[in-house]
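*Asks:* Numbering (the working numbering), first residue to last: 19 to 246.
Written out as structure tokens, the structure is:
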């Protein structure tokens with residue numbers, strides 16, 4: 019019976035590939051990544067809607083509405099409380115949270131994992147911190163809902179510490195240095211590439227400086243001749 023004998027090796031290989039007591043996996047690694055990426059995008063969308071429709075009169079941890087049971091936030095009471103908490107902590111930088119969720123979710127949907135995830139996480143934290151400081155230091159940052167500081171509580175505390183240590187000018191320098199460092203860690207930003215870009219874009223300064231130096235040299239020569 020040749021048919022039975024030919025099926026035997028295939029069945030034996032199948033049984034040998036399975037560990038004793040193992041159960042078949044419902045989702046492989048790729049499908050798990052796609053599902054988690056989709057859920058992260060959904061959560062990011064909910065965060066974005068809650069932040070975009072934030073209204074200071076809606077109930078939150080610090081306010082209670084006198085307008086009746088109606089809540090204006092598009093995500094309901096959960097969105098109202100969440101948006102208020104995020105804005106209180108991070109100010110306008112709260113919008114970085116749904117953006118990060120969208121980026122991470124999209125890459126997981128496409129099954130494109132990040133290189134060095136811990137480094138990216140540190141870079142993202144530094145990016146958020148530096149932006150809160152810059153928004154807090156900037157003199158014309160609009161308040162959120164007319165009430166909440168543009169840099170949030172985190173920006174206020176970081177600026178207070180930096181100003182006491184390195185002065186306001188030093189706080190600006192430190193915040194921009196941390197911002198560039200975070201971009202270097204999170205994106206493909208390169209300091210050498212940035213210098214090459216600036217050198218190419220402002221190359222017209224070279225002939226201008228050359229003409230200016232020549233003009234200064236001519237004036238010095240003329241002044242020296244007049245004195246002689």
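Even glycine gets a Cβ: it sits at the ideal position worked out from N, Cα and C.
From a predicted model like this one, the values you see are computed outputs, not experimental measurements.
Please classify residue 91: is it buried, with 16 or more other beta-carbons within 10 angstroms of its beta-carbon, or exposed?
*Replies:* The residue labelled residue 91 in the question sits at position 73 within the chain shown. The residue in question, residue 91, is buried, as its Cβ has 16 or more Cβ neighbours within 10 Å.
*Asks:* Would residue 107 and residue 171 be called neighbours here (beta carbons separated by less than 7 Å)?
*Replies:* As a working mapping, residue 107 is identified with position 89 in the chain shown. As a working mapping, residue 171 is identified with position 153 in the chain shown. Yes, they are a contact pair.
*Asks:* Are the Cβ atoms of residue 109 and residue 153 separated by less than 7 Å?
*Replies:* If you number the chain shown from 1, residue 109 lands on position 91. If you number the chain shown from 1, residue 153 lands on position 135. Yes, these two residues count as a Cβ contact at 7 Å.
*Asks:* Rounded to whole angstroms, how far is the Cβ of residue 69 from the Cβ of residue 112, which I believe are closer than 8 Å?
*Replies:* As a working mapping, residue 69 is identified with position 51 in the chain shown. As a working mapping, residue 112 is identified with position 94 in the chain shown. The pair is a contact, with the Cβ atoms about 6 Å apart (cut-off 8 Å).
*Asks:* Run through the region 138-214 for me and flag every whole alpha helix (DSSP H) of 4 or more residues, listed as ranges in chain order.
*Replies:* Segments of the alpha helix (DSSP H) lying fully in the region 138-214: 170-204.
*Asks:* Just to confirm, are residue 176 and residue 151 a CB contact at a threshold of 7 Å?
*Replies:* Mapped onto the chain shown, residue 176 falls at position 158. Mapped onto the chain shown, residue 151 falls at position 133. The answer is yes: Cβ separation under 7 Å.
*Asks:* Since residue 74 and residue 164 should fall inside the 8 Å C-beta cutoff, what is the C-beta to C-beta distance between them, to a whole number of angstroms?
*Replies:* Reading the chain shown from its first residue, position 56 is the one you call residue 74. Reading the chain shown from its first residue, position 146 is the one you call residue 164. Residue 74 to residue 164, Cβ: 7 Å. Contact.
*Asks:* Using 8 Å as the threshold, is the region 114-134 in touch with the region 46-61, meaning 3 or more CB pairs across them?
*Replies:* Yes, the region 114-134 is in contact with the region 46-61.
*Asks:* The alpha helix (DSSP H) spanning residue 131 covers which residue range?
*Replies:* Taking the chain shown and counting its residues from 1, the one referred to as residue 131 is at position 113. Note, residue 131: premise wrong, no alpha helix (DSSP H); not H, not E.
*Asks:* So residue 187 and residue 145 are in contact, right, with Cβ under 8 Å, and what is the actual spacing, rounded?
*Replies:* Your numbering for residue 187 matches position 169 in the chain shown. Your numbering for residue 145 matches position 127 in the chain shown. About 22 Å; that fails the 8 Å criterion.
*Asks:* Report the three-state DSSP secondary structure of residue 81 (helix, strand or coil).
*Replies:* The residue you call residue 81 lines up with position 63 of the chain shown. Residue 81: coil per DSSP, three-state reduction.
*Asks:* For the alpha helix (DSSP H) containing residue 68, list its first residue and its last residue.
*Replies:* Translated into the one-based positions of the chain shown, residue 68 becomes position 50. Counting along the chain, the alpha helix (DSSP H) containing residue 68 begins and ends at 47-70.
*Asks:* Put residue 76 into one of helix, strand or coil per three-state DSSP.
*Replies:* For the purposes of this step, residue 76 is taken as the residue at position 58 of the chain shown. Of the three classes helix, strand and coil, the one that applies to residue 76 here is coil, per DSSP.
*Asks:* Please state the DSSP three-state secondary structure of residue 232.
*Replies:* Stepping through the chain shown from its first residue, residue 232 is reached at position 214. Reduced to three states, the DSSP call for residue 232 is helix.
*Asks:* Would you tell me roughly how many angstroms separate the C-alpha atoms of residue 180 and residue 189, rounded to the nearest one?
*Replies:* Reading the chain shown from its first residue, position 162 is the one you call residue 180. Reading the chain shown from its first residue, position 171 is the one you call residue 189. Going by the C-alpha atoms only, they are around 5 Å apart.
*Asks:* From residue 78 to residue 161, what distance separates their C-alpha atoms?
*Replies:* Along the chain shown, read from residue 1 onward, the residue named residue 78 stands at position 60. Along the chain shown, read from residue 1 onward, the residue named residue 161 stands at position 143. Each residue's Cα considered, the two are about 17 Å apart.
*Asks:* For the putative contact between residue 208 and residue 141, defined by C-beta atoms under 8 Å, what is the C-beta separation to the nearest angstrom?
*Replies:* In the chain shown, counting from the first residue as 1, residue 208 sits at position 190. In the chain shown, counting from the first residue as 1, residue 141 sits at position 123. The Cβ separation is near 14 Å, so there is no contact.
*Asks:* How long is the line joining the alpha carbons of residue 95 and residue 102, rounded to whole angstroms?
*Replies:* The residue given as residue 95 occupies position 77 in the chain shown. The residue given as residue 102 occupies position 84 in the chain shown. So the alpha carbons of these two residues sit roughly 11 Å apart.
*Asks:* Check the C-beta distance from residue 148 over to residue 197 and give it rounded, since I have them as a contact under 8 Å.
*Replies:* Position 130 of the chain shown, counted from the start, is the residue given in the question as residue 148. Position 179 of the chain shown, counted from the start, is the residue given in the question as residue 197. The pair is a contact, with the Cβ atoms about 4 Å apart (cut-off 8 Å).
*Asks:* Could you check whether residue 93 and residue 64 sit closer than 7 Å to each other, using their CB atoms as the reference points?
*Replies:* The count along the chain shown starts at 1 and reaches residue 64 at position 46. The count along the chain shown starts at 1 and reaches residue 93 at position 75. Yes; because the gap between Cβ atoms is below 7 Å, this pair is in contact.
*Asks:* Here's a check: name, in chain order, each residue in its chain whose Cβ is nearer than 7 Å to the Cβ of residue 62, leaving out the five neighbours to either side.
*Replies:* Working through the chain shown from its first residue, we reach residue 62 at position 44. For residue 62, where only same-chain residues beyond five positions count, the Cβ hits under 7 Å are 116, 119, 120, 123.
*Asks:* Buried or exposed: which applies to residue 239, given that a residue is buried once 16 or more other Cβ atoms fall within 10 Å of its Cβ?
*Replies:* Your numbering for residue 239 matches position 221 in the chain shown. Exposed: under 16 other Cβ atoms inside 10 Å.
*Asks:* Rounded to the nearest angstrom, what separates residue 233 and residue 202 at their Cα positions?
*Replies:* Within the chain shown, the letter at position 215 stands for residue 233. Within the chain shown, the letter at position 184 stands for residue 202. Between residue 233 and residue 202, the C-alpha separation is close to 41 Å.
*Asks:* Is it buried or exposed for residue 76, if we count other Cβ within 10 angstroms and need 16 for buried?
*Replies:* For this step, residue 76 is matched to residue 58 along the chain shown. It is buried - the Cβ of residue 76 has at least 16 other Cβ atoms within 10 Å.
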